[in-house]
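Some notes on the structure that comes next.
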Amino acid sequence: LIDFAEGQPDLNSRLVRMIGDPRKRLLEDPIRILRALRLRHMIGFSLDIDLRQAMQEFAHTLPSTVLPRRREEFLKLLRLSSPDLAFREAQDLGLLQHLSPTLHESLQSEAGETFYAMLSQIRPREGSPAELFGLLVHAFVRAFMQDNPEISPKANEGLQGEKFQAWMRDELGMFKFESALAVKAVETAIATIPNLRDRNNICECLLIEVYFYFLNVSFIFSILMNRPMVIQRTTLPSVCDRIGSIPSSIQ
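My numbering puts the sequence shown at residues 6 to 256.
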């Protein structure tokens, strides 16, 4: 086996390096910026210094790519085992500023940590695009669209507004039915769990809220797609561990 690209030393060093000049390669196809970020988090390697600098330098070229390609990269990031870490680094590298200005601006507030925490709680690696985007929308709503992080937001609070709809449509590339599904699921989840939070039990309530949310997402999605839904009690084992049991209303 001949290692023409001299990749073995990088494998040994657990380093993601671009073959050739990274600036030239990223300028040829800016989507490679997102692929490098995803690969880095998928295999747990570090970014080569030159590649990292090039990613920051050419982040402004990302909007020149077609939206469907950026949409697919969003979905692939959400399928990672720890999507919160990938989104955090995308923000740190200045990628989200050009990928999703709305999310970038929101993440600069103190509620940004809440957003990352919500992304970290469930990892639906095999979810459909609608369900994966539902996770992102749910995290956004819970983090940035409620006045008090210790109480549930009001239903329909800004979810039908043009700014929110434009974020889903123009920045994430969500299809119309996906946006409608995500909004409906958020509203349903909020209506289902009006007062679960307890000041001394916030972490457990966050987990159970997300559990309810994804049950609702799956339920609504199954109705729209006319397919049966199978509820698995092991969807979020940590909920059972922390709470003790799954509420009888959803058994």
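Just so you know, even glycine gets a beta-carbon here, dropped at the ideal spot from N, CA and C.
Computed from a prediction, not measured in an experiment: that's the story for all the values here.
Around the Cβ of residue i, are there at least 16 other Cβ atoms within 10 angstroms (buried) or fewer (exposed)?
i: Ala-10; result: exposed
i: Arg-93; result: buried
i: Pro-73; result: exposed
i: Ala-187; result: buried
i: Arg-19; result: exposed
i: Gly-166; result: exposed
i: Glu-136; result: buried
i: Gln-96; result: buried
i: Phe-79; result: buried
Helix, strand or coil for residue i, going by three-state DSSP, please let me know.
i: Val-21; result: strand
i: Ser-86; result: coil
i: Ser-4; result: It is not possible to answer for residue 4, since the shown part of the chain is limited to 6 through 256.
i: Ala-116; result: coil
i: Ala-190; result: helix
i: Phe-92; result: helix
i: Ala-185; result: helix
i: Thr-107; result: helix
i: Phe-79; result: helix
i: Ala-10; result: coil
i: Leu-177; result: coil
i: Leu-98; result: coil
i: Leu-39; result: helix
i: Leu-72; result: helix
Whose C-beta lies closer than 7 Å to the C-beta of residue i among residues of the same chain, with five residues either side of it excluded?
i: Pro-257; result: Summary: the structure shown does not reach residue 257, with the chain confined to residues 6 through 256, and so no result is reported for it.
i: Met-4; result: Any question about residue 4 goes unanswered here, given that the chain covers just 6 to 256.
i: Arg-30; result: Met-23 and Arg-37
i: Ser-184; result: Gln-170, Met-173 and Arg-174
i: Gln-61; result: Leu-98 and Gly-99
i: Ile-7; result: none
Tell me where the alpha helix (DSSP H) around residue i begins and ends.
i: Phe-149; result: 134-149
i: Gln-170; result: 167-171
i: Phe-63; result: Taken as a continuous stretch (DSSP letters only), Phe-63 belongs to no alpha helix (DSSP H), as it is neither H nor E.
i: Arg-28; result: 27-33
Quick one: what's got a C-beta closer than 8 Å to residue i's C-beta in the same chain, skipping five residues either side?
i: Asn-205; result: Any reading at Asn-205 needs caution, since the residue's pLDDT is 45, under 50, leaving its predicted position unreliable; the model's value is listed next. Hits under 8 Å: none found.
i: Leu-32; result: Phe-63 and Thr-66
CB-CB under 6 Å to residue i, same chain, minus the five flanking residues each way: which ones, in chain order?
i: Leu-52; result: Val-21 and Arg-45
i: Leu-164; result: Val-188
i: Ser-105; result: Glu-176
i: Leu-112; result: Gln-96
Against chain C, does residue i count as a neighbour if the rule is that its beta carbon must be under 8 Å from one of theirs?
i: Ile-24; result: As a matter of chain content, chain C is missing from the structure shown, which is built from one protein chain.
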